[in-house]
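Chains A and B are the protein sequences, given in the same order. For the first sequence, this note's numbering begins at 1 and goes up steadily by one. For the second sequence, this note's numbering begins at 466 and goes up steadily by one. Shown next, in structure tokens, is the structure this report addresses.
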Amino acid sequence: MEIVLFAVAMFLIIAAGCGVSLIALPRQRSTNAIELLCLSFLFGAGFVSIASFTFGTFGFFIAGLSLRLAVAVLCLAVFALGLRARRQRLDWRRALPAGRCEWALSLWTLTAVGIAAWVSSVRAMGWDGLFNWEIKARVAFLSGGAIPLNFYSDPTRPWTHPEYPLLLPMTEAWLYGWMGRADQAMAQLLFLFFFAAALGLLYASVSRFGSRRAQVWAPLVLLLAPQLIFSGQGGVSSGYADFPLAVFYLAAVIFLLEYWETDDARLLLPFGLLAGAMPWVKSEGAILWSCLIAMAMIRVIRRRDWRKAATAVLPGLAVLIGWRIFLLIAKPSTGEVFLPLTPSTLRDNLWRAPLIVRAVAAEMLNWRHWGPLWIVIAAAALFLIANRRRKRLVVLPMSVFLPIALYAGVYIFSAWDFLLHLNNSFPRLLTQVSLVAALMVAIVLPIGRERKGERDGSTQSDPNA
Amino acid sequence: MKKPIIAIIVVCLVIVAMLSLGGTMKRRATSLLNRFENAASRQMTSKAAGGAYDTTDHYLKPLEIQHPSETLLKAMAEIPPDDAVVFIAAGDDERSDLIHHTISHLSWPRLIGEVRCGARGAPTELMYLPPAREPVKWLMFYRVAPPPDLTPSAKMIGPHLILTPASELKEWKSYCSR
Numbered sequence: 001m002e003i004v005l006f007a008v009a010m011f012l013i014i015a016a017g018c019g020v021s022l023i024a025l026p027r028q029r030s031t032n033a034i035e036l037l038c039l040s041f042l043f044g045a046g047f048v049s050i051a052s053f054t055f056g057t058f059g060f061f062i063a064g065l066s067l068r069l070a071v072a073v074l075c076l077a078v079f080a081l082g083l084r085a086r087r088q089r090l091d092w093r094r095a096l097p098a099g100r101c102e103w104a105l106s107l108w109t110l111t112a113v114g115i116a117a118w119v120s121s122v123r124a125m126g127w128d129g130l131f132n133w134e135i136k137a138r139v140a141f142l143s144g145g146a147i148p149l150n151f152y153s154d155p156t157r158p159w160t161h162p163e164y165p166l167l168l169p170m171t172e173a174w175l176y177g178w179m180g181r182a183d184q185a186m187a188q189l190l191f192l193f194f195f196a197a198a199l200g201l202l203y204a205s206v207s208r209f210g211s212r213r214a215q216v217w218a219p220l221v222l223l224l225a226p227q228l229i230f231s232g233q234g235g236v237s238s239g240y241a242d243f244p245l246a247v248f249y250l251a252a253v254i255f256l257l258e259y260w261e262t263d264d265a266r267l268l269l270p271f272g273l274l275a276g277a278m279p280w281v282k283s284e285g286a287i288l289w290s291c292l293i294a295m296a297m298i299r300v301i302r303r304r305d306w307r308k309a310a311t312a313v314l315p316g317l318a319v320l321i322g323w324r325i326f327l328l329i330a331k332p333s334t335g336e337v338f339l340p341l342t343p344s345t346l347r348d349n350l351w352r353a354p355l356i357v358r359a360v361a362a363e364m365l366n367w368r369h370w371g372p373l374w375i376v377i378a379a380a381a382l383f384l385i386a387n388r389r390r391k392r393l394v395v396l397p398m399s400v401f402l403p404i405a406l407y408a409g410v411y412i413f414s415a416w417d418f419l420l421h422l423n424n425s426f427p428r429l430l431t432q433v434s435l436v437a438a439l440m441v442a443i444v445l446p447i448g449r450e451r452k453g454e455r456d457g458s459t460q461s462d463p464n465a
Numbered sequence: 466m467k468k469p470i471i472a473i474i475v476v477c478l479v480i481v482a483m484l485s486l487g488g489t490m491k492r493r494a495t496s497l498l499n500r501f502e503n504a505a506s507r508q509m510t511s512k513a514a515g516g517a518y519d520t521t522d523h524y525l526k527p528l529e530i531q532h533p534s535e536t537l538l539k540a541m542a543e544i545p546p547d548d549a550v551v552f553i554a555a556g557d558d559e560r561s562d563l564i565h566h567t568i569s570h571l572s573w574p575r576l577i578g579e580v581r582c583g584a585r586g587a588p589t590e591l592m593y594l595p596p597a598r599e600p601v602k603w604l605m606f607y608r609v610a611p612p613p614d615l616t617p618s619a620k621m622i623g624p625h626l627i628l629t630p631a632s633e634l635k636e637w638k639s640y641c642s643r
């Protein structure tokens, strides 16, 4: 019975997300069915968590079953609106593999999900997974679907980081609500959906920007890094927010890349919604959001898409400002992790910079965490930057290395032992950009093929490239 | 154009491979494989019990209780939700924070403070104490024996964990003397 209720909760998430996708995706865009399903899950998780938080926290005097039903009705209403507004061409053709080799490699992809499921079943959640995220889901479930205000200011629980945003806890609480109990093993299942969404998005987007043949390579690239699936903090089975954040980041980058390639300003709406969800997943999402908005603005300024630019910026701004206002009201009890971000702190701690650079390089070459992944990524980035034919793809190395540079720079302001702080948290931060890096590697492969084809005089032009 | 790009990539790969592998390639490769295996097997052996309390049961293993999460929930159910509890732990136990956080996780909405007794003469650490307006009515001793006056009313949750009502509180470090 619990599985059925879990399925109902997931169906409502995907239905709401499908509605949002159908409304937000631009007219005449050919959307792969797998891509639509993955986007539906991401949009749905964002929608359900925001709706549960808003209805539950700000009262409207509903809790428990009535809160759940109210959100469920909203999900179905959005789904109906999406179906009514549907303007996209669903592309089923590209959703399925063609040929024996593609089928074999697609089975590999499914095997990757199976491996992740097995690892999740034998592993407990990590420290942050339980104490930063799942605890809030449990508290929300026990309190009728929303976290009570006194939890945020609880002086005995500052270690839960009550100032962290709530996409994951509220989505987990949504599942708990439907199942009728808080279940830590079932909460880990949610992360498998994020993993499957990541693989699906990689599969669909590589064929959009690269070629069909390369679409199966991206999941294989992920298997190079034990940190993502088998071990480590921030991986799929750990229950941390870093992997879900990485999936949202990947989805947002895909739309940004498409905007750079096609100059279709209507893509800025789904881009803005996905990027705007990132600060709602994890605090670092604000940094990733800033990076993406900056890259989008480079194109917007050239194209002068001023009106559409608002659709890219406003969702993220609303989340950031809304959450900041809420924290002012809730007054969370938190500790100081960073020194004041002032020029004098920067001047005083600049000596840390070379040590940070060395530690960052050591982490990227840490085979136990990353295998050869970052070496392959560095090679792909160099190739892409040097490639003149697809200049716009430069957005990919930028979206991988700009956040890494900013993240590394933040440790200059760490209030703790900065190297200990870096060693503890930096692997997780790399997780957040690793999916985009995998996309970059997979896209580089067909470029090499195209160049070879041109040289041989047998052009293998891909209409979607 | 293609040749310089390939040259750059090859040079980078060689440098990185040399830096990361070093020594004799074969010995290093074997060691890397072992490290992969170790990392994987360590994670696999951190097998949780499964079920609704999968992770909390795993974290509470040091308590040496059967079904620790459910046992704790039963014990905590006797404490009114408005009563604050203070968890008093031996200072030499590295897992005391983990145990405190896990108990606190399961005990919502009760406030669960923490007092860590100093190891080998170190001062007692008062962590996450409830505010003065929330009087502490219960004490939980983890690997610390409660004072004799509290022993009659003490309830043993497991071999290392004792719960007792606290009618009159003393200075925190006095609970650490035994």
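The C-beta atom is built at its ideal place from N, Cα and C for all residues, glycine as well.
Between A:A204 and A:P169, which are expected to be in contact by the criterion C-beta below 8 Å, what is the C-beta distance as a whole number of angstroms? Here residue 204 of chain A refers to the residue found at position 204 when the first sequence is read from its first residue. Here residue 169 of chain A refers to the residue found at position 169 when the first sequence is read from its first residue. The pair is not a contact, with the Cβ atoms about 29 Å apart (cut-off 8 Å).
Is any beta-carbon of chain B found at less than 8 Å from that of A:Q184? Taking the first sequence and counting its residues from 1, one reaches residue 184 of chain A at position 184. At least one CB of chain B lies nearer than 8 Å to the CB of A:Q184.
Following the continuous alpha helix (DSSP H) through B:I564, name the residue where it begins and the one where it ends. Taking the first residue of the second sequence as 1, we reach residue 564 of chain B at position 99. Per DSSP, B:I564 belongs to the alpha helix (DSSP H) from 561 to 572.
Contacting residues, own chain, Cβ-Cβ under 8 Å from B:V609 (five flanking each side not counted): On the second sequence, position 144 is the one that residue 609 of chain B refers to. Closer than 8 Å at Cβ, skipping near neighbours: I553, A554, A555, C582, Y640, C641, R643.
Within 10 Å of its beta-carbon, does A:F58 have 16 or more other beta-carbons around it, so buried, or fewer, so exposed? Numbered from its first residue, the first sequence carries residue 58 of chain A at position 58. Per the 10 Å Cβ criterion, exposed.
Taking Cβ positions, are A:A415 and A:F338 nearer each other than 8 Å? Position 415 of the first sequence holds residue 415 of chain A. Position 338 of the first sequence holds residue 338 of chain A. Their beta carbons are under 8 Å apart, which means A:A415 touches A:F338 by this criterion.
Neighbour flag for A:L130 against chain B, beta carbons, 8 Å: Position 130 of the first sequence, counted from the start, is the residue given in the question as residue 130 of chain A. Yes, its Cβ sits closer than 8 Å to a Cβ of chain B.
In chain order, what residues of the stretch 152 to 166 of chain A put their CB closer than 9 Å to some CB of chain B? D154, P155, T156, R157, P158, W159, T160
Taking C-alpha atoms, which residue in B:G578, B:I627, B:W637 lies nearest to A:F156? Locating residue 156 of chain A in the first sequence gives position 156, where the first residue counts as 1. First, the amino acid is wrong: residue 156 of chain A is Thr here, not Phe. Of the candidates B:G578, B:I627, B:W637, the one whose C-alpha sits nearest the C-alpha of A:T156 is B:G578.
From which residue to which residue does the beta strand (DSSP E) around B:T629 run? Here residue 629 of chain B refers to the residue found at position 164 when the second sequence is read from its first residue. From DSSP, the beta strand (DSSP E) with B:T629 extends over 626 to 630.
So which residues of chain A does B:P527 contact, with C-beta pairs closer than 9 Å? The sequence position of residue 527 of chain B within the second sequence is 62, counting from 1. By Cβ distance, chain A contributes nothing, its closest Cβ being about 14 Å from B:P527, past 9 Å.
Write down every uninterrupted run of the alpha helix (DSSP H) in the stretch 337 to 372 of chain A whose length is 4 residues or greater and which is fully enclosed by it, in chain order. Entirely contained in the stretch 337 to 372 of chain A, the alpha helix (DSSP H) runs reaching 4 residues are, in chain order, 343 to 349, 352 to 364, 367 to 370.
Give every residue of the same chain whose Cβ lies closer than 6 Å to the Cβ of A:L393, excluding the five residues on either side of it in the sequence, and list them in chain order. For the purposes of this step, residue 393 of chain A is taken as residue 393 along the first sequence, with counting starting at 1. Correct list, in chain order: L384.
On the three-pair Cβ rule with 8 Å, is the stretch 271 to 284 of chain A touching the stretch 216 to 231 of chain A? no
Answer with yes or no whether the minimum CB distance from A:A437 to chain B is below 8 Å. As a first step, residue 437 of chain A must be located in the first sequence, where it is residue number 437. It does not: the Cβ of A:A437 has no partner Cβ on chain B nearer than 8 Å.
On a Cα-Cα basis, can you pick out the residue from A:I404, A:A265, A:Y152, A:F248 that is closest to A:G335? What you label residue 335 of chain A is simply residue 335 of the first sequence in a count that begins at 1. Closest option to A:G335, Cα to Cα, is A:Y152.
Taking only three categories from DSSP, how would you classify A:M1? On the first sequence, position 1 is the one that residue 1 of chain A refers to. Coil.
Please confirm whether A:F195 and A:V236 have their CB atoms less than 8 Å apart. Within the first sequence, numbered from 1, the residue matching residue 195 of chain A stands at position 195. Within the first sequence, numbered from 1, the residue matching residue 236 of chain A stands at position 236. A distance below 8 Å separates the beta carbons of A:F195 and A:V236.
Determine the DSSP secondary structure at B:L497, reduced to helix, strand or coil. Position 32 of the second sequence, counting from 1, holds the residue named residue 497 of chain B. Reliability fails at B:L497, whose pLDDT of 41 lies under 50, so the model's placement of it is uncertain and the value that follows must be treated cautiously. The answer is helix: DSSP assigns B:L497 an H, G or I state.
Which residue comes first and which comes last in the alpha helix (DSSP H) that contains A:F191? In the first sequence, the residue the question calls residue 191 of chain A occupies position 191. For A:F191, the enclosing alpha helix (DSSP H) begins and ends at 184 to 209.
Chain B contacts from the stretch 110 to 142 of chain A (Cβ-Cβ distance under 9 Å): V119, S121, V122, R123, A124, M125, G126, W127, G129, L130, F131, E134, I135, R138, V139, L142
Taking 6 Å as the limit between beta carbons, can you name the residues of its chain near A:Y468, skipping five residues before and five after? With chain A covering only 1 through 465, there is no way to say anything about residue 468 of chain A.
How many Å lie between A:A353 and A:N132 at the Cα? Taking the first residue of the first sequence as position 1, residue 353 of chain A is located at position 353. Taking the first residue of the first sequence as position 1, residue 132 of chain A is located at position 132. A:A353 and A:N132: Cα-Cα distance of roughly 29 Å.
Whole angstroms is fine: what's the gap from A:H421's alpha carbon to A:G409's? Stepping through the first sequence from its first residue, residue 421 of chain A is reached at position 421. Stepping through the first sequence from its first residue, residue 409 of chain A is reached at position 409. Roughly 13 Å between the two C-alpha positions.
Taking Cβ-Cβ distances below 7 Å as the criterion, which residues of the stretch 554 to 578 of chain B are in contact with chain A? H566, S569, H570, W573, L576, I577, G578
Under the assumption that A:A379 contacts A:V400 (Cβ atoms under 8 Å), give the Cβ distance between them as a whole number of angstroms. On the first sequence, position 379 is the one that residue 379 of chain A refers to. On the first sequence, position 400 is the one that residue 400 of chain A refers to. That belief does not hold up - the Cβ atoms of A:A379 and A:V400 are roughly 13 Å apart, past 8 Å.
For the stretch 167 to 201 of chain A, which residues have a beta carbon sitting closer than 7 Å to at least one beta carbon of chain B? R181, A182, D183, Q184, A185
Taking only three categories from DSSP, how would you classify A:L422? Taking the first sequence and counting its residues from 1, the one referred to as residue 422 of chain A is at position 422. In this structure, A:L422 counts as helix in the three-state DSSP scheme.
So which residues of chain A does B:T521 contact, with C-beta pairs closer than 8 Å? Here residue 521 of chain B is taken as the residue at index 56 of the second sequence, counted from 1. L130, Q184, listed in chain order.
If you drop the 5 nearest sequence neighbours on each side, which residues of the same chain put their C-beta closer than 7 Å to that of B:P595? To locate residue 595 of chain B, count along the second sequence from 1; it is residue 130. The answer, listed in chain order, is A549, L576, G578, V601.
Span of the alpha helix (DSSP H) holding A:V394? The count along the first sequence starts at 1 and reaches residue 394 of chain A at position 394. Premise fails: A:V394 is in no alpha helix (DSSP H) and is neither H nor E.
So, are the CB atoms of A:F243 and A:F193 less than 8 Å apart? Residue numbering aside, residue 243 of chain A sits at position 243 when the first sequence is read from its first letter. Residue numbering aside, residue 193 of chain A sits at position 193 when the first sequence is read from its first letter. No; because the gap between Cβ atoms is not below 8 Å, this pair is not in contact.
Counting pairs of beta carbons, one from the stretch 259 to 270 of chain A and one from the stretch 296 to 312 of chain A, are three or more of them closer than 8 Å? yes
Cβ closer than 8 Å: which chain A residues qualify as neighbours of B:Y593? As a first step, residue 593 of chain B is located in the second sequence; it is residue number 128 there, counting from the start. What B:Y593 touches in chain A: P155, T156, R157, P158, W159.
Smallest Cα separation from A:P279: which of A:A310, A:G64, A:L317, A:E261? Within the first sequence, numbered from 1, the residue matching residue 279 of chain A stands at position 279. That would be A:L317, whose Cα lies nearest to the Cα of A:P279.
Residue from B:M621, B:M541, B:P588, B:L628 with nearest C-alpha to B:P574: What you label residue 574 of chain B is simply residue 109 of the second sequence in a count that begins at 1. Nearest C-alpha to B:P574: B:M541.
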